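Numbering (the numbering used here), first residue to last: 2 to 190.
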């Protein structure tokens, strides 16, 4: 009897987890495209969606369909499959300034002090919000195309390296990486 109740509780827990979405998603752009056929025009829709857990994972996807909801669903599914983990400093900003490029799109992402907020343009703002960044200054140079801006932003974020990653790559301790140079210590004294 107790075993049956445990199974029922586990099933209910699984259902609760499925109902509570693990990821937040943000619709960035919808594009209506038309195809001219003998009888007139056939309309289709392309959607661009950014998905993230707001704790360091983010991904984007695009979907095309005859109806808007179906295009959004396809884009969301693709975005969930393309999630990447980005290291964050104190869970609120990037570790260092980076540049990202894709095609003609170029973005500059700079670290910011607490309380700055997200200072970034539309598609980049969506990526940072879904990633969970609270303080960042970013500028898009070049392409205004949302697809290229998101790809350039993702390229820049993938270049992000935490002190732990750098220490591991160099075979040192994190404290050695974060330690101030002797010249700076002498100037402070």
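From the three backbone atoms N, C-alpha and C, an ideal C-beta is built for every residue, glycine too.
The structure presented is a predicted model; accordingly, all values stated were derived computationally and were not measured.
Top-ranked residue by Cα proximity to residue i, from the options
i	options	result
residue 74	86, 177 and 61	61
residue 93	119, 106, 99 and 108	119
residue 64	138, 122, 33 and 181	33
residue 95	83, 84 and 109	109
residue 84	158, 52, 144 and 138	52
Residue i - DSSP class collapsed to helix/strand/coil
i	result
residue 102	strand
residue 27	strand
residue 178	helix
residue 162	coil
residue 111	strand
residue 149	helix
residue 171	helix
Cross-strand partners of residue i (DSSP beta bridge)
i	result
residue 154	Its beta-bridge partners do not exist; DSSP assigns none.
residue 119	137
Length of the line joining the Cα atoms of residue i and residue j
i	j	result
residue 91	residue 102	26 Å
residue 56	residue 132	6 Å
residue 179	residue 164	7 Å
residue 42	residue 155	36 Å
residue 140	residue 30	19 Å
residue 45	residue 68	7 Å
Minimum length 4: unbroken alpha helix (DSSP H) runs contained in the segment 35–90: Complete alpha helix (DSSP H) runs here, min 4: 69–82.
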